[in-house]
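J.: What follows is a single structure, and I will ask about it in a moment.
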Amino acid sequence: MTSLAERQGAFLRALLDDEAPLPAGWGNSQAAGLAVYRGNYRSAIMGALAETFERTALHVGERAFTQAAINHAIANPPVGWTIDEAGQGFDRTCAALFADRPEVAELAWLEWAMLELATAPDCEPLTPQDFADAVADFGDEDWGEMRLALQPRATTRLVDHDLEALWRALGNGGEQPDLGLSQSQCCLVWREGERPTFTLVEADHAAAFAAVQGGASYGELIAMLIGDDPDPSEGAIRNAAMRAGAILGRWLNEGIVVAINP
Amino acid sequence: MPAPSDPIAPFGGFGLGLRRTHYDDFLLGDVPVDFVEVISENYMIEGGRQLRILEQVREKLPVIIHGVSMSIGSAGGLDHDYLAKLKRLEQRIEPLWVSDHLCWTRTSAHNSHDLLPLPLTREALDTVCANIDHAQEALGRAMLFENPSSYLTFPEDEMAEWEFLSEMARRTGCYLLLDVNNIYVSAKNHGFSARDYLTGMPLDRVRQIHLAGHDPATAERDIIIDTHDRPVIDPVWDLYAQAMAMLPQPVATMIERDENIPPLPELLAELDRARGIAGSALVAA
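Keeping their order, the protein sequence lines are chains A and B.
Each residue of the first sequence is one higher than the one before, counting from 1 in my numbering.
Each residue of the second sequence is one higher than the one before, counting from 1001 in my numbering.
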């Protein structure tokens, strides 16, 4: 290690940690300058988190958000070259800090997912008509082997709170609604043109989405929906096929499918 | 494709930073500027609205891409992923030029997201020159590097900042982005003469000037902080006039505002003042 590398390591340790010793040879004038750099670093990270998690901040209040952001920055000092990455994993920080308010972590996850989508590669969605044309000559085997490409960075998560109502209320400055859902739902996040968006759908979309995104064929998706039964009835197979069709139809209508058999 | 050693022709225009709050002004109207400058990292992305807007603005105006995260002074070398994404943006936008700062921002462990100062030593100079060679080779063009504002100097410093920049430009063939406000800020913070700084610089290598406002010293803090959040102050305008009178070739001048961004007419008024000063310097010459 060169001495420049050692000096830079010591500088950065002192920047990130108030308790770290000053680099060798530094006196009061360097300490005063370091204080400015520490202030710059903290305000940059806090600014980036506040911009990314605007609604989370509104929901928990400025004081609680600032404390959460400080905790996150201390535990997860940024590594990447883009400051936006400072928000990675903030939902996990919120899950730990707001354990009695689990909707906070769900909201933070959603804001992060939307930020990620805002800069995702542009792509043309496959319309329902495009899809119909493409599968017009499919036989049973073709359907079973069909694989789908989904919009880059589109994502899902199971949630227990009505994020649609919460999002609207925070955007309008309105009354906070009753958030609890009677059962878990899947929060589906994607981009409509250039605008990130989301909706809540049935919970089984989440596993289906993960499977298809992971490369599962349509036949494998149906098998997954049938479940663990080694000898499913015809009715169970038919129901699973219909459910797979309904899920696919929803994704096509939302513009989430971008290609067949890519 | 230009080679890293190809010269960057002087360009004497007046421009502004393209900021989100002014997107509509640039998209819908004819803003009286000769170029815009964008922060590279904001557009080193794969798609979306922001990139489309930059491409639309590029159809109207020349664009300069100005980075804050290359970390040209990092002892550990440059980030290959960063360079690849910058190259992709450069190919997409075909900018007038690509610039960054004489600073370091990260180690292999963490990123400060701030422009940290380098010790002005021969070892640091060797590191910076090797990294600039690498960056210019990767981009296939010569770059500009900006003198930073700084809030501390190092006990081990072996030369003045202008000597460091001169040697850096001579060894690598890079060009310079002269931030006049940064000269003012660092001169006040470290007690050197801004005039000496200008006199010591290889002014023939300067292709662009930045002008910005800063946070003055206070009773509690005797350090001036480069904040880009307010108008340019008169002493910085005076220093700009001196620089313009000394420069042997036309340079591009830009008002750089990153915080408390005012309506566009306020920035255009500052740019008009720059035009007036530059015009007077030309007449005097």
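Cβ coordinates follow ideal geometry from the N, Cα and C atoms, glycine included.
All of these numbers come straight from a predicted model, not from anything done at the bench.
(1) Taking residue 90 (chain A) as the reference, which of A:83, A:122, A:53, A:120 has the closest Cα?
(2) Quick one: does residue 20 (chain A) have its CB under 7 Å from some CB of chain B?
(3) Decide if residue 995 (chain B) is buried, meaning its Cβ has at least 16 other Cβ atoms within 10 Å, or exposed.
(4) Can you list, in chain order, the residues of its chain with a C-beta nearer than 6 Å to that of residue 1034 (chain B)? Leave out the 5 residues immediately preceding and following it.
(5) Any beta carbon of chain A sitting closer than 7 Å to that of residue 1216 (chain B)?
(6) Taking residue 106 (chain A) and residue 163 (chain A) to be in contact with their CB atoms under 8 Å, please state how far apart those CB atoms are, rounded to whole angstroms.
(7) Is there a Cβ of chain B sitting closer than 7 Å to that of residue 15 (chain A), yes or no?
(8) Can you tell me whether residue 185 (chain A) is buried or exposed, with buried defined as 16 or more other CB within 10 angstroms of its CB?
(9) Under 8 Å Cβ to Cβ from residue 1173 (chain B), same chain only, skipping five residues before and after it: list those, please.
(10) Can you give the Cα-Cα distance for residue 1052 (chain B) and residue 170 (chain A), rounded to whole angstroms?
(11) Would residue 83 (chain A) and residue 1113 (chain B) be called neighbours here (beta carbons separated by less than 7 Å)?
(12) I want to know whether the region 225 to 232 of chain A touches the region 1103 to 1111 of chain B - three or more CB-CB distances under 8 Å.
(13) Return helix, strand or coil for residue 114 (chain A), following the three-state DSSP convention.
(14) For residue 1043 (chain B) and residue 134 (chain A), what's the separation of their Cα atoms in angstroms?
(15) Quick check: the Cα distance between residue 80 (chain A) and residue 47 (chain A), rounded to an integer number of angstroms?
(16) Give me the Cβ distance between residue 156 (chain A) and residue 209 (chain A), rounded to the nearest whole Å; I'm assuming they're in contact under 8 Å.
(17) With burial defined as no fewer than 16 other Cβ atoms inside 10 Å of the residue's Cβ, what is the status of residue 1 (chain A): buried or exposed?
(18) If we require 4 or more residues per run, which alpha helix (DSSP H) segments fall completely within the region 124 to 155 of chain A?
(19) Strictly below 7 Å CB to CB, what residues from chain A border residue 1200 (chain B)?
(20) Which residues bound the beta strand (DSSP E) around residue 52 (chain A)?
(21) Classify residue 1100 (chain B) as helix, strand or coil using the three-state DSSP reduction.
(22) Note down the Cα distance separating residue 1056 (chain B) from residue 1227 (chain B), rounded to an integer number of angstroms.
(23) For residue 291 (chain A), collect the residues of the same chain with a Cβ closer than 8 Å to its Cβ; drop the 5 residues on either side in sequence, then sort them by chain order.
(24) Can you list the residues of chain A that residue 1009 (chain B) reaches, using a CB-CB cut of under 9 Å?
T.: Put simply:
(1) Numbered from 1 along the first sequence, position 90 holds the residue referred to as residue 90 (chain A). Among A:83, A:122, A:53, A:120, the Cα nearest to that of residue 90 (chain A) belongs to A:53.
(2) In the first sequence, the residue the question calls residue 20 (chain A) occupies position 20. For residue 20 (chain A), no CB of chain B lies under 7 Å from its own CB, so it is not counted at the interface with that chain.
(3) This structure does not reach residue 995 (chain B), given that chain B is present from 1001 up to 1285, and the question cannot be answered.
(4) Counting from one through the second sequence, the residue named residue 1034 (chain B) turns up at place 34. In the same chain as residue 1034 (chain B), and ignoring 5 residues on each side of it, the C-beta atoms closer than 6 Å to its own belong to 1013, 1014, 1015, in chain order.
(5) Here residue 1216 (chain B) is taken as the residue at index 216 of the second sequence, counted from 1. In terms of beta-carbon proximity, residue 1216 (chain B) stays away from the interface with chain A, with every pair separated by 7 Å or more.
(6) Reading the first sequence from its first residue, position 106 is the one you call residue 106 (chain A). Reading the first sequence from its first residue, position 163 is the one you call residue 163 (chain A). Going by Cβ atoms, the distance from residue 106 (chain A) to residue 163 (chain A) rounds to 6 Å, so yes, they are a contact pair.
(7) Indexing the first sequence from 1 puts residue 15 (chain A) at position 15. Flagged as an interface residue toward chain B: residue 15 (chain A), by a C-beta distance shorter than 7 Å.
(8) Here residue 185 (chain A) refers to the residue found at position 185 when the first sequence is read from its first residue. Residue burial annotation: residue 185 (chain A) is buried, with at least 16 other C-beta atoms found within 10 angstroms of its C-beta.
(9) Taking the first residue of the second sequence as position 1, residue 1173 (chain B) is located at position 173. Take residue 1173 (chain B), set aside five residues on each side of it, and the residues of its chain with a beta-carbon closer than 8 Å to its own are 1004, 1005, 1136, 1142, in chain order.
(10) In the second sequence, residue 1052 (chain B) corresponds to position 52, counting from 1. In the first sequence, residue 170 (chain A) corresponds to position 170, counting from 1. Taking the straight line joining both Cα atoms gives about 29 Å.
(11) As a working mapping, residue 83 (chain A) is identified with position 83 in the first sequence. As a working mapping, residue 1113 (chain B) is identified with position 113 in the second sequence. Against a cut-off of 7 Å, the Cβ pair of residue 1113 (chain B) and residue 83 (chain A) comes out as a contact.
(12) With a cut-off of 8 Å, the region 1103 to 1111 of chain B and the region 225 to 232 of chain A do not count as touching, because too few Cβ pairs lie within range.
(13) To locate residue 114 (chain A), count along the first sequence from 1; it is residue 114. Residue state, collapsed to three classes: helix.
(14) To locate residue 1043 (chain B), count along the second sequence from 1; it is residue 43. To locate residue 134 (chain A), count along the first sequence from 1; it is residue 134. Taking the straight line joining both Cα atoms gives about 35 Å.
(15) The count along the first sequence starts at 1 and reaches residue 80 (chain A) at position 80. The count along the first sequence starts at 1 and reaches residue 47 (chain A) at position 47. Between the alpha carbons of residue 80 (chain A) and residue 47 (chain A) lies a distance of about 16 Å.
(16) For the purposes of this step, residue 156 (chain A) is taken as the residue at position 156 of the first sequence. For the purposes of this step, residue 209 (chain A) is taken as the residue at position 209 of the first sequence. At roughly 5 Å, the Cβ-Cβ gap stays under 8 Å, so residue 156 (chain A) and residue 209 (chain A) are in contact.
(17) Residue numbering aside, residue 1 (chain A) sits at position 1 when the first sequence is read from its first letter. Its pLDDT being 48, under 50, residue 1 (chain A) is placed unreliably by the model, and the measurement read from it follows with that caveat. Residue 1 (chain A) counts as exposed, since fewer than 16 other beta carbons sit within 10 angstroms of its beta carbon.
(18) Qualifying alpha helix (DSSP H) stretches, in chain order: 128 to 134, 140 to 145.
(19) One-based indexing of the second sequence puts residue 1200 (chain B) at position 200. Per Cβ cutoff of 7 Å: no residues; residue 1200 (chain B) is ~22 Å from chain A at best.
(20) As a first step, residue 52 (chain A) must be located in the first sequence, where it is residue number 52. Note, residue 52 (chain A): premise wrong, no beta strand (DSSP E); alpha helix (DSSP H) at 28 to 52.
(21) As a first step, residue 1100 (chain B) is located in the second sequence; it is residue number 100 there, counting from the start. Strand.
(22) As a working note, residue 1056 (chain B) is residue 56 in the second sequence. As a working note, residue 1227 (chain B) is residue 227 in the second sequence. One alpha carbon belongs to residue 1056 (chain B), the other to residue 1227 (chain B), and they sit about 29 Å apart.
(23) Only positions 1 to 262 of chain A appear in the structure, and residue 291 (chain A) is not among them; the question remains open.
(24) Here residue 1009 (chain B) is taken as the residue at index 9 of the second sequence, counted from 1. Close partners of residue 1009 (chain B) in chain A (Cβ separation under 9 Å) are lacking, with about 30 Å as the shortest Cβ gap.
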